[in-house]
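Scroll down for the structure; my scribbles are underneath it.
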Amino acid sequence: VQKLVGTVNAVAAIPVPTIAAVNGPCIGYGLTAVSFCDFVIASTDATFCYPEVSIGIPTIVGAIRLPDRVGWANAMELLLTGAPMSAERAVKIGLVWRLTEPDRLMDEARAWAQTLTEAAPLAQRATKEVAWRSRDLGWVEAVRFGETMRKVAGATPDAAEGRRAWAQKRKPQWSGEES
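Residue 101 in the numbering used here sits at position 51 of the sequence shown, with consecutive numbering throughout.
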């Protein structure tokens, strides 16, 4: 159990944008890992399922994570039935962000990854950190945390490069250097 919790925490703590490309069955812990990804791109052949209840075992980490991701009733549909959910339904409930044909799946995922590389990596990291950590904070604490992260990221070479590139009307060259 400790190893599983450590793995899930590690996925959740990945500071860069994460993309899941799902083609075929996504079951149990695989679905839990997907639920921690920032972007889920699925083929029309994908299905999503927590089968544990159909064999008498409760789903724990999925039950903790999924309601925040897709809403209570949608989470309970997956968690309490053990039945597979189609990719089309997964898009409708917000589990899947983008749907594509199976032969286009990896091209779509790579194209989105390329798009993400155009933004400043440290600003992305700070933004993702604020989004993740502020979920459990009150409004004032969340804004204070966000402003602290803005100051930290704003003091990096990438922030200076972004301002220079904007003034010079050119594409920035991000270094990802923290100081």
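Ideal Cβ placement from N, Cα and C applies to all residues, glycine included.
Residues bridged to residue i by DSSP?
i      : result
Arg148 : Ile91
Ile69  : Phe89
Ile110 : Paired residues: none, contrary to the question.
Pro75  : Thr97
Met135 : Phe98
Under the rule that 16 or more other beta-carbon atoms within 10 Å means buried, what is residue i, buried or exposed?
i      : result
Ile114 : exposed
Asp208 : buried
Ile91  : buried
Val193 : exposed
Ser93  : buried
Thr109 : buried
Trp224 : buried
Leu128 : buried
Val190 : exposed
Thr256 : Residue 256 is absent from the structure shown; the chain starts at 51 and stops at 229.
Can you check which of these residues, the options, is closest to residue i by C-alpha distance?
i      : options                           : result
Asp118 : Pro75, Ile143 and Met199          : Ile143
Gly112 : Ser225, Ala137, Ser104 and Ala125 : Ala125
Ala176 : Ala205, Leu155, Pro152 and Thr150 : Ala205
Pro67  : Ala170, Glu228 and Ser184         : Ala170
Phe86  : Thr150, Lys178 and Glu228         : Lys178
Thr97  : Ile69, Arg139, Pro65 and Ile64    : Arg139
Glu228 : Ala210, Ala217 and Lys219         : Ala210
Leaving out the 5 sequence neighbours to the left and right, which residues in its chain are closer than 7 Å to residue i when beta-carbon positions are compared?
i      : result
Ile77  : Cys99 and Pro101
Lys221 : Ala215
Thr167 : none
Tell me the DSSP secondary structure of residue i in three-state form.
i      : result
Ser184 : helix
Thr165 : helix
Ile64  : coil
Arg160 : helix
Gln174 : helix
Thr206 : coil
Trp224 : coil
Lys219 : coil
Just to confirm my understanding: we take residue i, look at its own chain, exclude 5 residues before and 5 after, and list those with CB closer than 8 Å. What are they?
i      : result
Pro152 : Asn73, Ser93, Thr94 and Asp95
Met156 : Ala71
Taking 8 Å as the CB-CB cut-off, is residue i touching chain B?
i      : result
Ser229 : Among the chains of the structure shown, chain B does not appear; only one protein chain is present.
Excluding the five sequence neighbours on either side, which residues of its own chain have a C-beta within less than 6 Å of the C-beta of residue i, listed in chain order?
i      : result
Val141 : Leu149
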